[in-house]
């Protein structure tokens with residue numbers, strides 16, 4: 111795929127998805143600039159996750175299109191999108207709890223290189239796979255957990271590892287659905303800070319669905335608020351934070 115840097119990394123045009131009478135996503139026109147962290151907020155049932163499902167082609171839209179660097183990818187298989195650099199976190203295999211953290215990374219890197227069919231013992235001898243796995247661990251500050259079984263890793267580190275596995279696919283754009291969910295209040299900011307630092311260091315664009323407003327307003331370049339399948343408001347975090355409609359419908363402050 112030839113990338114046109116003059117185009118937005120992601121754009122949707124008239125995207126719609128109805129489930130019976132429920133308008134889950136209703137004529138959404140979205141643009142994402144390369145290198146930004148965009149958060150999508152909204153009450154339960156507002157269409158946030160459905161929008162991610164449409165962008166990653168986990169489900170087909172009733173109408174509308176998705177463009178990646180200006181190219182219509184609406185009908186592309188999720189695996190093809192991932193190969194081109196549009197990656198959703200759960201597209202990577204679930205963590206193998208009986209394997210170490212670095213073994214999980216090696217499996218993900220090998221999968222991206224088409225080498226997962228090889229005996230796992232041979233992956234440990236592959237210098238390229240080992241080197242990239244160690245780089246990703248260092249990027250996400252997980253090096254000290256390299257030899258720890260994934261099942262024994264604290265929940266906060268486990269959430270970070272979920273995102274780290276995405277980077278085995280060398281993404282240009284990552285879609286993250288609630289990366290701090292289930293994490294204790296005291297862990298949320300450290301977890302998100304590690305994710306943000308890695309994303310910015312690698313120059314990766316991120317679209318994040320998140321419910322924690324402190325995380326949203328603290329780490330986003332831009333925020334989109336959704337309600338009943340439509341975009342209610344969009345702008346910089348401080349603009350969305352002061353938007354009366356958002357405060358009433360989304361954050362419940364009015």
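Numbering (my numbering), first residue to last: 111 to 364. The C-beta atom is built at its ideal place from N, Cα and C for all residues, glycine as well. Predicted model only: the values in this text are computed from it and were never measured.
- Contact check for residue 215 against residue 243 passes: the beta carbons are separated by less than 9 angstroms.
- DSSP lists 341 as the bridge partner or partners of residue 336.
- If the five residues before and after residue 166 are omitted, its C-beta is found closer than 8 angstroms to the C-beta atoms of 188, 191, 196, 198, 201, 285, all from its own chain and listed in chain order.
- Excluding sequence positions up to five before and after residue 144, its CB lies within less than 6 angstroms of the CB of 119, 315, all in the same chain and listed in chain order.
- Taking a cut-off of 8 angstroms for Cβ pairs, the region 174-185 and the region 120-134 touch, as three or more such pairs fall below it.
- Under DSSP, no beta-bridge partner is assigned to residue 268.
- For the pair of segments examined, the region 125-137 was found to touch the region 336-353: the number of CB pairs separated by less than 8 angstroms reaches three.
- The three-state secondary structure of residue 147, taken from DSSP, is strand.
- Judged by DSSP in its simplified three-state form, residue 315 adopts strand.
- For residue 171, the closest alpha carbon among the candidates 208, 127, 219 is that of 127.
- A straight line joining the alpha-carbon of residue 263 with that of residue 287 spans about 21 angstroms.
- Annotation for residue 241: the continuous alpha helix (DSSP H) segment containing it runs 237-249.
- In summary, residue 152 is buried, with 16 or more beta-carbon neighbours lying within 10 Å of its beta-carbon over all protein chains present.
- For residue 206, the secondary structure class from DSSP, reduced to helix, strand or coil, is coil.
- Under DSSP, the beta-bridge partners assigned to residue 173 are 126.
- Taking residue 156 as the centre and dropping the five residues before and after it, the same chain places the C-beta of 336, 337 closer than 6 angstroms to its C-beta, in chain order.
- The C-beta separation of residue 305 from residue 281 comes to about 13 angstroms, leaving the pair out of contact by the 8 angstroms criterion.
- Taking C-beta atoms under 8 angstroms as the contact rule, residue 260 and residue 222 fail to qualify, at a distance of about 18 angstroms.
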